[in-house]
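Below: one structure, written as structure tokens.
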Amino acid sequence: MFYRMALLTLGALPVVGILLIFTMPATTYDVKELEALTEGSNKFAIELYQALKKPNENLIVSPISVQLVLALTYTGAKGNTAAEIAKVLHLPENLEDVLKGHKLLLEQLQDPVLNLATKMFIEKTFDIKPEFQEGASKYFLSGVDSCNFVGDSENCRKGINKWVEEKTNNKISNLLADGTIDSLTRMVLVNAIHFKANWASKFNADLTQDADFYITPENKVKVKMMYKKAKFPFKYHSGLKAKIVELAYENKEFKMIVILPDEINGLAEVENKLSTLNLSEILPTLYEVTVNLKLPRFKMEKTMQLEEPLIQLGIKDIFDEGKANLTGIASNEPLYVSKAIQKAFIEVNEEGTEAAAATALVFVNYSAYIPATEDFNADHPFIYVLLKNKTVIFIGSVKTLN
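The sequence shown lines up with residues 1 to 402 when you count with the UniProt record's numbering.
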């Protein structure tokens, strides 16, 4: 009989990722290897965004949360199951580098305004391999809790949901809905992320006004539009046909990038070209200039089933009870992943943010000189990316507002 593992993730300012799996030790880790891991992480972030996006629907996802639970799963996977995960996540070939890299990545991401927590909830009678459990703790900083899935799965569900609520400042509730887990569940791996930070320079609420937000050229709604005239890192990207502006938080390691298409209906074209976007290369090319910035307040919550998007990207075997090879977790009981869920929340206002092919694009300015002032009026659909240093924590889009 095959037993189930639940894989859930929560992305967005409070976020929770839930999945199951892991294993092994390591050696020294080079800074260049961490940079390669980060670059791979950001590639996965863009690809996950593209797999999840839908016309006329807002999106908020935490790709790093999904990555952490999948990388942990990878360490307990074998054969083609492991190969699929490694390819999609753009992981290093050496398992030790994967382990060391994620430990270092987690240590660098931890911050007073960004809290990450991982926990494995394991059936109390489940014979998990000690090296998997030890590796989860050492390299993924994962806690472990035993649970009576066989005898009382409902109580386990409530306990997991309570833990998630605590770790996301009560922004993510009821992650596991009724029937998500049952007596065949053997392990649930959860990753929770909560982010809350103030802007380095806040918007003046007295300058916020009612304004039109164009969902399409013909369809508009009234929104609360924030305004600030100040110096911001800025760039015009001719390949994307979009303006890019960077907003800093009080902790300057964190920033939000907003990508605004030239045209009201230009977001789909930008989304299709996102895979050519290397944030690590773009960010240093932004120049500081005075910007008349208009950005709407927005708040959204989204629950996503990740099985189909991950299968679309190439992670297939873990969801197939006939193909899943997760013998690095437990060799005596066959496992597969039954659910992959992410629930996310984000709120952006005057104070700050809370969130529980080969194509060459050319970067150019409007002209050879830097204008005295740029206008950035986000009165139509746009993409936003929240980073710590060079790592994408959240990515999403605002396509419609109430």
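Beta carbons are placed, not taken as given, at the ideal position from N, Cα and C, and that holds for glycine.
**Cα-Cα separation, Glu288 to Lys388** = 19 angstroms
ask   = Which residues share a DSSP beta bridge with Ser397?
value = Leu59, Ile383
| Taking Cβ to Cβ, would you say Leu401 is nearer than 8 angstroms to Val223? | yes
For this session: For the alpha helix (DSSP H) containing Leu89, list its first residue and its last residue.
Result: 79-89
Is the separation between the beta-carbon of Val69 and that of Asn251 shorter than 8 angstroms? no
Handout entry: Unbroken beta strand (DSSP E) run spanning residue 465, endpoints
Key = Residue 465 lies beyond the range of the chain shown here (1 to 402); nothing can be said about it.
- Query: Taking the DSSP output, what are the residues bridged to Thr373?
  - Reply: Thr290
Exposed unless 16 or more other CB atoms sit within 10 angstroms - verdict on Val98 = Counting other Cβ atoms within 10 Å of its Cβ, Val98 reaches 16 or more and is therefore classed as buried.
inquiry  = On the criterion of 16 or more Cβ atoms from any shown chain inside 10 Å, does Asn56 qualify as buried, or is it exposed?
reply    = exposed
What are the uninterrupted segments assigned as alpha helix (DSSP H) that are 4 or more residues long and contained completely in the region 119-159, given in chain order? 130-140
>> Whether or not the region 316-329 and the region 267-278 are in contact is what I'm after, with contact meaning three or more pairs of Cβ atoms, one per stretch, closer than 8 angstroms; do they touch?
In response: Contact fails: fewer than three Cβ-Cβ distances are below 8 angstroms.
Applying the criterion that 16 or more other CB atoms from any shown protein chain within 10 Å of the CB defines a buried residue, is Val144 buried or exposed?
exposed
Could you tell me whether the region 125-132 touches the region 90-107, where touching means 3 or more Cβ pairs closer than 8 angstroms? no
Count the other C-beta atoms from every protein chain shown that fall within 10 angstroms of the C-beta of Asn94, then say buried if there are 16 or more, exposed otherwise.
-> exposed
Notebook entry, point to check: Going by alpha carbons, who is nearest to Lys100 out of Lys228, Asp210, Ala36, Gln50?
Noted result: Ala36
**Request:** Check Gln342 in the structure and name its three-state DSSP category.
**Result:** strand
DSSP on Val98, reduced to helix/strand/coil?
helix
Practice problem: Please state whether DSSP places Ser211 in a helix, a strand or coil. | Solution: First, the residue type needs correcting, since residue 211 is Ala and not Ser in the sequence shown. Note: Ala211 maps to strand in three-state DSSP.
Who are the near neighbours of Ser146 in its chain, counting only those whose CB is closer than 7 angstroms to its CB and skipping five residues on each side?
Ile122, Lys124
message = Can you look up Lys390 in the DSSP assignment and give me helix, strand or coil?
response = The answer is coil: DSSP assigns Lys390 none of H, G, I, E or B.
Does the region 169-189 come close enough to the region 337-345 to have 3 or more Cβ pairs within less than 8 angstroms? yes
Point to revise | For Tyr236 and Lys399, the rounded distance between their alpha carbons | key: 21 angstroms
- Task: For Asn332, collect the residues of the same chain with a Cβ closer than 7 angstroms to its Cβ; drop the 5 residues on either side in sequence, then sort them by chain order.
- Result: Closer than 7 angstroms at the Cβ level, and outside the excluded window around Asn332, lie Asp127.
Exercise. How big is the Cα-Cα spacing for Phe203 and Val150?
Worked result: 52 angstroms
Of the residues Pro63, Glu33, Leu114, which one's Cα is nearest the Cα of Glu253? Leu114
Quiz item: What is the residue span of the alpha helix (DSSP H) that Asn42 lies within?
Solution: Boundaries of the alpha helix (DSSP H) around Asn42: 31-52.
Exercise for the section: Quick one: grab the DSSP three-state call for Asp111. Expected result: DSSP, read as helix, strand or coil, puts Asp111 in strand.
Problem - Contact the region 194-202 vs the region 105-119: 3+ CB pairs below 8 angstroms - result: Result yes; three or more Cβ-Cβ pairs closer than 8 angstroms.
_Checking the sheet assignment: what are the DSSP bridge partners for Asn204?_
Note: Asn204 sits in no beta bridge, so no partner.
Using DSSP's beta-bridge definition, name the partner residues of Ile264. Answer is none; Ile264 lacks a bridge partner.
Counting beta carbon pairs with one atom in the region 275-295 and one in the region 372-384, are three or more of them shorter than 8 angstroms? Flag = yes, the region 372-384 and the region 275-295 touch.
When Pro381, Leu386, His380 are compared against Gly352, the one with the closest alpha-carbon: Leu386
**Q.** Lys302 - DSSP class collapsed to helix/strand/coil
**A.** In the three-state reduction of the DSSP assignment, Lys302 falls in the strand class.
What did DSSP end up calling Ile172 once you bin it into helix, strand or coil? Correct three-state label for Ile172: coil.
| message | I'd like the span of the alpha helix (DSSP H) that includes Glu281, first residue to last. | response | Run containing Glu281: 279-282, per the alpha helix (DSSP H) assignment.
Q. Which class does Thr216 belong to by DSSP, given the choice of helix, strand or coil?
A. Here Thr216 sits in coil by DSSP.
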